[in-house]
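As they're listed, the protein sequences go chains A and B. In terms of numbering that gives the first Met the number 0, the first sequence opens at residue 0 and continues consecutively. In terms of numbering that gives the first Met the number 0, the second sequence opens at residue 0 and continues consecutively. Using N, Cα and C, we set each Cβ at its ideal position, and we do this for glycine too. Okay, so here's the structure we're looking at.
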Amino acid sequence: MPPDSPFGQVISLSHKHLVQDVPRPGDAAAPGAAVLRDVLAGGPFDAAPAGFVLAALPDSAAPVLWVSDRMSRRENGRLYGPALAQFGLKGPILRVEVSHPRDVLWAMEEGAGCAGLAAVVGEIHGAPEVLSFTATKRLALRAETAQVPVWLIRSADHGALSAARERWRLSSLPSQMHPDNPQAPGLPQWEAELFRARGRAPGGWSAGYDSSARTAADRLRLVSRSGDGSLAEDHRAAADVAG
Amino acid sequence: MDRWRRITAQQRTLPDETVPVVLAQAGRHGPVVYAVSAAAQRRGISEGERIVDVQAIHPDLHVEQADAPGDRKLLDRVAHWARRWCPWTVRDGADGIVMDVTGADHLFGGETAMLRDIGTRFQMQGLTARLAMAPTRGGAQMLARFGAGRVICDTEDLEMCLAPLPVAALRIGADTDRLLQRLGLKTLGALMQVPRVALMRRFDRLAEEINPLVLLDRALGRTADPLNAPADARHWLARVRLPEPVIDPLPHLEALAQDLCVQLAEAEQGARQLRLTIYRVDGEWRSRDVATASASRDPAHLLRLLAGKLDGIDPGFGFDLLTLEALRVEPLALQQDHLEGRRDAQRDVAALLDRLTARLGPDKITWSAWVQSHLPERVEHALPALGHVARQAPVLDRARPLRLLEPPEEIAVLYAVPEGPPARFRWRRVAYLTRRHEGPERIAPEWWRDRPGTRLRDYYKVEVGDGRRFWIYREGILGDGRGGDPRWFMQGIFA
């Protein structure tokens with residue numbers, strides 16, 4: 000990474016950069032870079048991982064397969080359809096709502112082999128036995144063979160072993176200023192940490208999402224965190240949970 | 000009438016036996032009587048009379064709406080069911096079935112026994128039937144409709160049986176009927192006495208199907224009158240017979256699927272629903288159904304669908320016959336694949352739907368459908384993906400959470416400004432301090448759906464200390480007269 004400036008340093012502006020400009024030896028020509036990516040939730044009951052995944056989905060009118068297990072639906076709530084339009088999603092969502100993580104993995108594998116889908120997103124709560132390294136490896140290979148991006152949202156999981164090509168950890172940050180009302184929360188902001196990646200350097204950013212941006216490429220913004228440690232500490236202290 | 004009785008008996012209490020019931024149908028000058036009950040028949044009400052007239056005479060009349068298309072559909076099904084007695088059956092008009100039992104009666108022990116069997120079975124179905132058997136189709140029709148009870152007449156006494164019937168039995172239309180009545184020809188016997196040449200000259204302008212001479216010739220068997228029965232629906236079936244019983248059906252499935260797909264390809268059809276049946280050696284059978292999202296005759300795809308369904312099938316001591324049947328087919332034209340080997344994305348998705356549905360069940364794989372409603376949990380509901388298409392999501396101008404908790408969870412608000420946002424609240428045993436809030440957004444109950452006394456909701460979007468944004472609402476306001484203190488609920492989480 001280049002050295003930080005006092006104002007923070009903008010390293011990438013769009014999710015296109017996220018998925019395309021990954022300098023990976025061997026498959027630099029691969030379009031869309033359809034790989035398996037893990038998104039871990041930084042805290043409980045946080046919708047930031049789902050929001051981040053939706054923001055980073057490719058701009059396509061094909062359906063998105065969204066698979067979830069019972070526990071993640073109970074803990075974090077169901078995905079709510081009317082809110083999806085805010086994230087610039089063009090294609091319909093094909094929901095698969097099963098109870099066991101085993102079925103989630105099976106449905107994701109089936110979906111990852113289907114080239115007619117825009118993406119496959121799976122949600123698994125906790126770290127069940129079936130979500131082993133082997134299972135993620137199978138998913139990763141499937142995704143790369145069929146060229147379908149696969150995202151796995153793992154809530155309440157603190158970094159179990161995974162064969163994902165990129166592993167992110169997402170948590171909410173205090174939102175941006177509301178343009179009209181200082182009392183109201185504004186546009187969302189997330190703390191995105193890429194803690195393991197193949198072919199690119201890990202890093203931490205604060206990600207913002209602006210649904211009013213004109214092009215899909217401008218909607219998801221990654222801004223590197225301020226390098227000032229003491230400020231960051233203050234920030235963390237201010238954001239503590241009361242009680 | 001029987002059908003109406005059966006359907007109504009399931010839904011509500013039928014009127015008393017002594018109350019006359021008629022079914023009404025729209026006529027040229029207002030509703031007319033379509034069918035009458037036994038009690039109404041005893042009072043002398045007949046079909047075709049105007050409802051207002053009948054009601055004036057019988058004030059206690061019970062009138063119901065008739066369903067003529069439904070009756071026709073039922074009759075078609077009954078005609079098909081009647082093929083249990085003979086291979087040629089056809090619906091006759093709106094209320095009859097003609098069966099050609101030539102050569103089939105000895106299977107039921109003669110004509111009398113067969114007629115009794117038919118009568119009994121119709122009675123078991125709850126249907127009233129008037130039966131007659133005659134050497135000609137026209138004769139049987141007339142005897143069944145105008146004859147006295149169950150009649151079986153032979154070739155020799157056909158003329159004698161038909162002679163006392165009124166000329167209206169020929170179904171020659173009201174005009175010709177009236178003409179014959181005026182001429183004094185009231186029965187078929189009288190008509191038979193008239194010289195043919197006179198009848199021919201008199202009615203040479205009339206069409207064949209209402210010409211009394213032609214119809215009489217047909218009824219008496221002087222001209223041929225064959226029955227043109229609709230063909231049976233084709234069964235798409237592939238079967239494998241095994242020399243000795245086996246336990247595992249999997250090795251035989253491929254041959255079955257290939258066989259069925261060849262049959263379907265010849266007729267340019269694709270299967271929408273399949274049934275695999277195994278016939279066990281102990282006489283039992285087990286079956287598994289699979290459905291497809293779009294018509295398919297790809298053996299590999301069908302095989303994958305079926306293979307996922309075999310887990311729960313119980314082979315017992317083994318089975319020696321397997322059948323694979325396409326229950327529902329749709330036309331599917333031959334299609335050229337892409338020359339460059341590209342895959343068809345839509346067909347890929349349809350195949351994926353089939354596989355997911357076959358394994359997980361149709362209600363787990365859903366598209367969203369949308370309802371016009373202000374209540375957030377009512378906007379979206381799930382439709383099975385198999386058999387429905389995806390619909391465009393509505394565009395809302397209000398902020399809505401990305402995740403919705405179903406049902407909403409009650410939260411304890413530790414301190415709240417009356418009619419204002421909560422300053423602190425406790426949800427899932429964690430206390431939160433609100434930093435920022437937006438709202439309230441008031442959503443009133445839908446009085447046309449909700450029970451009286453449902454309280455309104457004031458929604459707040461609140462942000463807690465660590466940046467998470469929640470969607471909470473207060474149910475009711477203090478002193479709205481619909482319960483005690485307002486309660487607070489957590490309903491959604493914003494991204």
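Is residue i helix, strand or coil when you go by DSSP?
| i | result |
| --- | --- |
| B:Val388 | coil |
| B:Phe424 | strand |
| B:His436 | strand |
| A:Thr144 | helix |
| A:Pro48 | helix |
| B:Ile246 | coil |
| B:Glu474 | strand |
| B:His28 | coil |
| B:Asp313 | coil |
| B:Pro298 | helix |
| B:Arg402 | strand |
| A:Asp26 | Since pLDDT at A:Asp26 reaches only 34, below the 50 mark, its modelled position is unreliable, and the value read off the structure follows with that caveat. Three-state DSSP puts A:Asp26 in coil, outside helix and strand. |
| B:Ile6 | helix |
| B:Val575 | The shown model of chain B, from 0 to 494, leaves out residue 575 of chain B, and the question about it has no answer. |
| B:Trp447 | coil |
| A:Asp233 | Here the model assigns A:Asp233 a pLDDT of 45, short of 50, so the residue's position is not dependable and the matter cannot be decided. |
| B:Ile56 | helix |
| A:Leu35 | strand |
| B:Ile117 | helix |
| B:Ser496 | Residue coverage of chain B in this structure runs from 0 to 494, which leaves residue 496 of chain B outside it and unanswerable. |
| B:Leu495 | No answer is possible for residue 495 of chain B: it lies beyond the span of chain B, which begins at 0 and ends at 494. |
| B:Ile171 | coil |
| B:Ala218 | helix |
| B:Ile50 | helix |
| B:Leu305 | helix |
| B:Ala349 | helix |
| A:Glu61 | Note that residue 61 of chain A is Ala in the sequence shown, not Glu. Reduced to three states, the DSSP call for A:Ala61 is coil. |
| B:Thr17 | coil |
Among the residues of its own chain, which have a CB less than 8 angstroms from the CB of residue i, if the five just before and after it don't count?
| i | result |
| --- | --- |
| B:Gln122 | Ala128 |
| B:Val388 | Trp366 |
| A:Pro91 | Pro62 and Val63 |
| B:Leu241 | His251, Phe318, Asp319, Leu320 and Leu321 |
| B:Leu226 | Trp87, Val89, Val97, Asp99 and Arg136 |
| B:Gly482 | Gly452, Arg454 and Gly475 |
Grab me the residues of residue i's own chain with a C-beta within less than 6 angstroms of its C-beta, minus the 5 sequence neighbours each way, in chain order.
| i | result |
| --- | --- |
| B:Phe107 | Met113 and Asp116 |
| B:Pro400 | Trp470, Gly491, Ile492 and Phe493 |
| B:Ile151 | Glu110 and Met132 |
| B:Glu437 | Lys460 |
Counting only the same chain and skipping the five closest in sequence on each side, list residues whose C-beta sits under 7 angstroms from that of residue i.
| i | result |
| --- | --- |
| A:Ala134 | Leu104 |
Return the bridge partner residues of residue i from the DSSP annotation.
| i | result |
| --- | --- |
| B:Arg327 | B:Gln272 |
| B:Leu320 | B:Arg240 and B:Tyr278 |
| B:Gly95 | B:Asp91 |
| B:Phe493 | B:Arg468 |
| B:Glu409 | B:Phe488 |
| A:Tyr79 | Answer by DSSP bridge pairing: none, since A:Tyr79 is not bridged. |
| B:Val213 | Partner(s): none; B:Val213 has no beta bridge. |
| B:Lys497 | The question about residue 497 of chain B has no answer here: the residues shown for chain B are numbered 0 through 494. |
| A:Gly207 | A:Gln188 and A:Arg220 |
| B:Ala288 | In the sequence under discussion, the amino acid at residue 288 of chain B is Asp, which differs from the Ala named in the question. Per DSSP, B:Arg274. |
| B:Pro165 | B:Thr186 |
(request) For the region 180-191 of chain A, enumerate the residues whose C-beta is nearer than 9 angstroms to any C-beta of chain B, in chain order. (result) Asn180, Pro181, Gln182, Ala183, Pro184, Gly185, Pro187, Gln188, Trp189 and Glu190
(message) Using 8 angstroms as the cut-off, can you tell me whether the region 281-288 of chain B makes contact with the region 343-356 of chain B, which would need three or more C-beta pairs spanning the two stretches below that distance?
(response) no
(request) Please list the residues of the region 459-474 of chain B that have a C-beta atom closer than 9 angstroms to any C-beta atom in chain A, keeping them in chain order. (result) Lys460, Val461, Glu462, Val463, Gly464, Asp465, Gly466, Arg467, Arg468 and Phe469
(message) Can you confirm whether the region 140-149 of chain A touches the region 71-81 of chain A when touching is taken to mean that 3 or more C-beta pairs between the two stretches lie within less than 8 angstroms?
(response) no
(request) Residues of the region 92-109 of chain A with a CB closer than 8 angstroms to any CB of chain B: list them in chain order, please. (result) Ile92, Leu93, Arg94, Val95, Glu96, Val97, Asp102, Trp105, Ala106 and Glu109
(request) Please list the residues of the region 116-138 of chain A that have a C-beta atom closer than 7 angstroms to any C-beta atom in chain B, keeping them in chain order. (result) Leu116
(request) Could you tell me whether the region 124-132 of chain A touches the region 94-113 of chain A, using the rule of 3 or more Cβ pairs below 8 angstroms? (result) The region 124-132 of chain A is in contact with the region 94-113 of chain A.
(message) So, does the region 318-335 of chain B touch the region 367-384 of chain B, judging by three or more C-beta pairs under 8 angstroms?
(response) Taking a cut-off of 8 angstroms on C-beta distances, the region 318-335 of chain B does not touch the region 367-384 of chain B, as fewer than three cross pairs fall below it.
(message) Beta carbons nearer than 8 angstroms to chain A: which residues of the region 349-379 of chain B have them?
(response) Ala350, Leu351, Leu352, Arg354, Leu355, Arg358, Leu359, Lys363, Ile364, Thr365, Trp366, Ser367, Trp369, Pro375, Val378 and Glu379
(message) Beta carbons nearer than 9 angstroms to chain B: which residues of the region 75-92 of chain A have them?
(response) Asn75, Gly76, Arg77, Leu78, Tyr79, Gly80, Pro81, Ala82, Leu83, Ala84, Gln85, Phe86, Leu88, Gly90, Pro91 and Ile92
(request) Anything in the region 46-63 of chain A with a Cβ closer than 7 angstroms to a Cβ of chain B? List those residues in chain order, please. (result) Ala46, Ala47, Ala49, Gly50, Ala61 and Pro62
(message) Taking 8 angstroms as the cut-off, does the region 290-305 of chain B touch the region 252-263 of chain B (at least 3 CB pairs, one atom from each stretch)?
(response) These segments touch.
(message) I want to know whether the region 47-62 of chain A touches the region 353-362 of chain B - three or more CB-CB distances under 8 angstroms.
(response) no
(message) Along the region 272-296 of chain B, where does the CB come closer than 8 angstroms to a CB of chain A? Name the residues.
(response) From the region 272-296 of chain B, no residue has a Cβ closer than 8 angstroms to chain A.
(request) Mind checking the region 157-175 of chain A against chain B and listing, in chain order, the residues whose C-beta falls within less than 9 angstroms of any C-beta there? (result) Ser170, Ser171, Leu172, Pro173 and Ser174
(request) With 7 angstroms as the C-beta to C-beta threshold (strictly closer), list the residues of the region 399-416 of chain B near chain A in chain order. (result) Arg399, Pro400, Leu401, Arg402, Leu403, Leu404 and Glu405
(message) Contact between the region 66-74 of chain A and the region 181-190 of chain A is defined here as three or more beta-carbon pairs at a separation below 8 angstroms; is this criterion met?
(response) no
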